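Undergrad:
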Amino acid sequence: MPAPSRPRKRPTIIVGSVDNSSSSSSSDDEEEEEEEVEDTVDDEDEEKGKGRNGSLSGKGVGKKAPAIIISLKKVCKVCKEEGHQAGFQGANYIDCPRKPCFLCKMPGHTTMSCPHRVALEHGVVPALRKNKQTQLDYVFERQLMSQIPKIKPAFVIPDKLDRGVVKLHSRRVTSLEFHPTMNSVLLSGDKKGQIGIWDYSKPNEKTVYGSIHSCIVNNMKFDTRNDIMLYTSSSDGTISYTDLETGIGVLLMDVNPNGWNGPSTWRMLYGMDINLDKGLLLAADNFGYLYLFDTREKVKIGESILIHRKGSKVVGLHCNPTQPDLLLSCGNDHYAHIWDIRRLETQSFLASLAHGRVVNSAYFSPHTGSKILTTSQDNRIRVWDSVFGNLNMPSREIVHSHDFNRHLTPFKAEWDPKDPSESLAVIGRYISENYNGVALHPIDFIDTSTGHLVAELIDPDLTTISPVNKLHPRDDILATGSSRSVFIWRPGGLKVEDKEAERKKEIIFCNTGKKSAKEKFIESDGDDDGDDFPSKGKNKQQKKYGGKSDKSGSSKSKIVKI
DNA sequence: AATAGATGGCCCC
DNA sequence: TGGGGCCCCTCTAT
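If you read the first sequence in my numbering, its first letter stands for residue 4, the second for the next number, and so on.
(1) With a 10 Å radius around its C-beta and 16 neighbouring C-beta atoms as the bar for buried, classify residue 263 as buried or exposed.
(2) Taking only the alpha-carbon atoms, compute the straight-line gap between residue 187 and residue 489 and give it to the nearest angstrom.
(3) If distances are taken between C-alpha atoms only, which option among 286, 111, 211 and 199 comes closest to residue 2?
(4) Closest to residue 171 by C-alpha separation, out of 249, 486, 218 and 118, would be which residue?
(5) Can you give, in chain order, each stretch of the beta strand (DSSP E) that sits fully within the region 328-393 and has at least 3 residues?
(6) Just curious, the beta strand (DSSP E) that residue 274 is in, first and last residue?
(7) Assign residue 254 to buried or exposed, taking buried as 16 or more other Cβ atoms, counted over all protein chains shown, within 10 Å of its Cβ.
(8) Give every residue of the same chain whose Cβ lies closer than 6 Å to the Cβ of residue 481, excluding the five residues on either side of it in the sequence, and list them in chain order.
(9) Quick one: Cα of residue 112 to Cα of residue 96, how far?
(10) Taking 7 Å as the cut-off, is the beta-carbon of residue 300 closer than that to any non-hydrogen atom of the ligand SAM?
(11) Counting only the same chain and skipping the five closest in sequence on each side, list residues whose C-beta sits under 8 Å from that of residue 174.
(12) My parser needs the beta strand (DSSP E) runs of 3 or more residues fully inside the region 177-205; what are they?
(13) Quick check: the Cα distance between residue 165 and residue 350, rounded to an integer number of angstroms?
(14) Out of 84, 77, 94 and 87, which has the shortest C-alpha to C-alpha gap to residue 440?
(15) Using the beta-carbon count (16 or more within 10 Å), is residue 410 buried or exposed?
(16) Taking 8 Å as the cut-off, decide whether the C-beta atoms of residue 344 and residue 278 are in contact.
(17) Of the choices 447, 328, 407 and 214, whose alpha-carbon is the least far from that of residue 361?
(18) Would a C-beta distance cut-off of 8 Å place residue 282 and residue 297 closer than the cut-off?
(19) What residue from 305, 276 and 303 has the CA that sits closest to residue 2's CA?
(20) Quick one: is residue 280 buried, meaning 16 or more other Cβ sit within 10 Å of its Cβ, or exposed?
(21) Pull up the distance between the alpha-carbon of residue 250 and that of residue 447, whole angstroms please.
(22) What beta strand (DSSP E) runs, 3 residues minimum, are completely inside the region 422-450?
(23) What first and last residue would you give for the beta strand (DSSP E) that runs through residue 297?
(24) Helix, strand or coil, according to DSSP, for residue 256 in the structure here?
(25) Which same chain residues end up closer than 6 Å to residue 415 when comparing Cβ atoms and leaving out the 5 residues on each side of it in sequence?
(26) Could you give the residue range of the beta strand (DSSP E) that holds residue 566?
(27) Taking its Cβ as the centre, do 16 or more other Cβ atoms sit within 10 Å of residue 566, making it buried, or is it exposed?
(28) Would you tell me roughly how many angstroms separate the C-alpha atoms of residue 347 and residue 310, rounded to the nearest one?
(29) With DSSP as the reference, label residue 232 as helix, strand or coil.
(30) Please determine, among 421, 167 and 437, the residue with the shortest C-alpha to C-alpha distance to residue 479.
(31) So residue 210 packs on residue 200, CB below 8 Å; how close in whole Å?
(32) How about residue 398 and residue 390: do their beta carbons lie closer than 8 Å?
(33) Tell me whether residue 455 sits in a helix, a strand or coil according to DSSP, three-state version.
(34) What would DSSP say about residue 119, mapped onto helix, strand or coil?
(35) For residue 225, which option in 236, 219 and 102 has the closest C-alpha, if you only look at C-alpha atoms?
(36) DSSP state of residue 538, grouped into three classes?
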């Protein structure tokens, strides 16, 4: 894949004419809103003006400098050139036409007209050439793939959902994990290091532990042999092993034993996974190194191993569910690597999967472990159908908007662990769509075997981007982390069990009305059913999306089948 | 109500 | 190979 090229640097900002007679700049005849800014600079301010732009001086020579009027012409905020403007117009975002498409990264069109956005399948791009099938592939397909039924899970079928929301965190949610045995217990980690526990069947059962980590909780894994215990990795450079009933934990590993010596040396732990068969905990840092920990003996094993480009962040680690010797890693060096855990040395990977940009996540498929699903910041989800086949090229690339703004948690396409065909994945979408005058960011269900967008989940009260999503291992339930909120979604029919909590709006369940599946907008309805979300969000939403004030305060959430 | 600031990747030198 | 400047459909606090 050609790496998407960023366009070159643009000329510096035009500060306009230093002319106090005519600030009118002729050709702005088109629109009602003349966005000309006039700024009068007098003597003392001129000093500052000089600092920024030396050319301002010299005009007002000699005596008292005349008032300087700076006029800013209507200019594109992206490329700083005149004649067009980028940004929101109502709930539609207009791209700068000089930039490559924000979705597929190709030049010549904008997101509005991108074929991948218009297409129903939301843009599946086949791999450039078909994987050549080897004998191994045929054996593999006959023995393994034949056992994989082609049944899609039920979750994507209903078009009405119940929803629960809770705001446990004071910073954005960075990780989610369902409890392995207690069906309604969800864990959430945030940017500040706090870990929340929420039993969504008993809305008042919420706990937040604030002193386990001091910054971003990047990963949470249960000790499935003793599932009140939780392993967590954090950007504070530690691995903790915490008793969830008491919140008391053990510090298993600290990769900054010498403390803080500035950001250039501070190690942060991103990827982490547990290898149950081998009694191993694997974690990796932001400088490319892998650490091994013996969970039985509670000791670190050997020295750290460089597994990605030196100095680059290792973002994710995943152990193969069926083959304990296989490890998958991904990182900021644009690669995902497959490793043999028995032979871990720098450059000793079994296979290397190239990506256009940073790889946010790489996962083996949940049952057979034979497929690989990756999410890369080049706005592509990639699927390799067989780890035993040709790994030079992905089997499919799916164009999908998740090239994230730096202030968000990276998007990760997550398998549905219940899907026996190992094809359904969920991932939040970055670019918004205009839903009846409101810009919303859906959560997408994608059939990775075809690239089709199977369903998209929207909710008028979910106005923020939802980069963190997890499907329940057994139930038809989706958990979403969006900004500081945690959402639970499930097919309709839920009984509200706690009227008191509902009244206090600590948790909100809403039962949505049935709508035709093809409709891609939200009905506006009255705010009388008592299920509306705190008004703060709503006001903001109306403001932000430009006073068109379609009353979109409905709390209906729905999955729209395409 | 407007805005700063937190923040990471990437490109250039 | 390291540092500085810039990217620009966020979100929140002031």
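Don't be surprised by glycine CBs; every beta carbon is placed ideally from N, CA and C. Every value quoted in this text rests on a predicted model; they were computed, and no experiment measured them.
TA: By the coordinates alone:
(1) In the first sequence, counting from the first residue as 1, residue 263 sits at position 260. If you draw a 10 Å sphere on the C-beta of residue 263, you find fewer than 16 other C-beta atoms in it, and that means exposed.
(2) Within the first sequence, residue 187 is the residue found at index 184, counting from 1. Within the first sequence, residue 489 is the residue found at index 486, counting from 1. The straight-line gap from Cα to Cα measures roughly 14 Å.
(3) In the structure displayed, the chain extends from 4 to 565; residue 2 sits before or after that span and is not available.
(4) One-based indexing of the first sequence puts residue 171 at position 168. Ranked by Cα distance from residue 171, the options 249, 486, 218 and 118 are led by 486.
(5) 329-334, 338-343, 354-357, 362-367, 375-379 and 383-387
(6) Here residue 274 corresponds to residue number 271 of the first sequence, with the count starting at 1. Counting along the chain, the beta strand (DSSP E) containing residue 274 begins and ends at 272-278.
(7) For the purposes of this step, residue 254 is identified with residue 251 of the first sequence, where counting begins at 1. Classification for residue 254: exposed.
(8) On the first sequence, residue 481 is found 478 positions in, with the first residue counted as 1. 474 and 492.
(9) Within the first sequence, numbered from 1, the residue matching residue 112 stands at position 109. Within the first sequence, numbered from 1, the residue matching residue 96 stands at position 93. The alpha-carbon atoms of residue 112 and residue 96 are separated by roughly 14 Å.
(10) The ligand SAM is absent from the structure shown, which contains no ligand whatsoever.
(11) Position 171 of the first sequence, counted from the first residue, corresponds to residue 174. The answer, listed in chain order, is 193, 194, 195, 197 and 487.
(12) Counting only runs of 3 or more, we get 188-193 and 198-202.
(13) Here residue 165 corresponds to residue number 162 of the first sequence, with the count starting at 1. Here residue 350 corresponds to residue number 347 of the first sequence, with the count starting at 1. Approximately 48 Å, taken between the alpha carbons.
(14) What you label residue 440 is simply residue 437 of the first sequence in a count that begins at 1. The shortest Cα separation from residue 440 among 84, 77, 94 and 87 belongs to 94.
(15) Residue numbering aside, residue 410 sits at position 407 when the first sequence is read from its first letter. Residue 410 is exposed by the Cβ-count criterion.
(16) As a first step, residue 344 must be located in the first sequence, where it is residue number 341. As a first step, residue 278 must be located in the first sequence, where it is residue number 275. Yes. Within cutoff.
(17) Counting from 1 along the first sequence, the entry for residue 361 is found at position 358. The shortest Cα separation from residue 361 among 447, 328, 407 and 214 belongs to 407.
(18) In the first sequence, counting from the first residue as 1, residue 282 sits at position 279. In the first sequence, counting from the first residue as 1, residue 297 sits at position 294. Yes.
(19) Lying outside 4 to 565, the shown extent of the chain, residue 2 is not represented and no answer is given.
(20) Here the question's residue 280 lines up with position 277 in the first sequence. It is exposed - the Cβ of residue 280 has fewer than 16 other Cβ atoms within 10 Å.
(21) Locating residue 250 in the first sequence gives position 247, where the first residue counts as 1. Locating residue 447 in the first sequence gives position 444, where the first residue counts as 1. Spanning the two alpha carbons is a distance of roughly 34 Å.
(22) 427-431, 436-438, 441-443 and 446-450
(23) If you number the first sequence from 1, residue 297 lands on position 294. First-last of the beta strand (DSSP E) with residue 297: 292-297.
(24) Your numbering for residue 256 matches position 253 in the first sequence. Looking at residue 256 - three-state DSSP - the assignment turns out to be strand.
(25) Residue numbering aside, residue 415 sits at position 412 when the first sequence is read from its first letter. Residues of the same chain with a CB within less than 6 Å of the CB of residue 415, apart from the 5 flanking positions on each side, are 363, 364 and 378 in chain order.
(26) Residue coverage of the chain in this structure runs from 4 to 565, which leaves residue 566 outside it and unanswerable.
(27) No answer is possible for residue 566: the residues shown for the chain start at 4 and end at 565.
(28) Residue 347 sits at position 344 when you count from the first residue of the first sequence. Residue 310 sits at position 307 when you count from the first residue of the first sequence. If you take the alpha carbons of residue 347 and residue 310, they lie about 8 Å apart.
(29) If you number the first sequence from 1, residue 232 lands on position 229. Annotated three-state conformation of residue 232 is strand, per DSSP.
(30) In the first sequence, the residue the question calls residue 479 occupies position 476. Nearest of 421, 167 and 437 to residue 479, Cα basis: 421.
(31) Looking up residue 210 in the first sequence gives position 207. Looking up residue 200 in the first sequence gives position 197. Indeed they touch by this definition, with Cβ atoms about 4 Å apart.
(32) Here residue 398 is taken as the residue at index 395 of the first sequence, counted from 1. Here residue 390 is taken as the residue at index 387 of the first sequence, counted from 1. Result no, Cβ atoms of residue 398 and residue 390 do not sit closer than 8 Å.
(33) Start at 1 with the first residue of the first sequence, and residue 455 comes out as number 452. The three-state reading of DSSP puts residue 455 in strand, counting E and B together.
(34) Numbered from 1 along the first sequence, position 116 holds the residue referred to as residue 119. Helix.
(35) The count along the first sequence starts at 1 and reaches residue 225 at position 222. Of the listed residues, the one whose Cα sits closest to residue 225 is 236.
(36) On the first sequence, residue 538 is found 535 positions in, with the first residue counted as 1. Because the pLDDT at residue 538 is just 29, under 50, the model does not fix this residue reliably, and the point stays unresolved.
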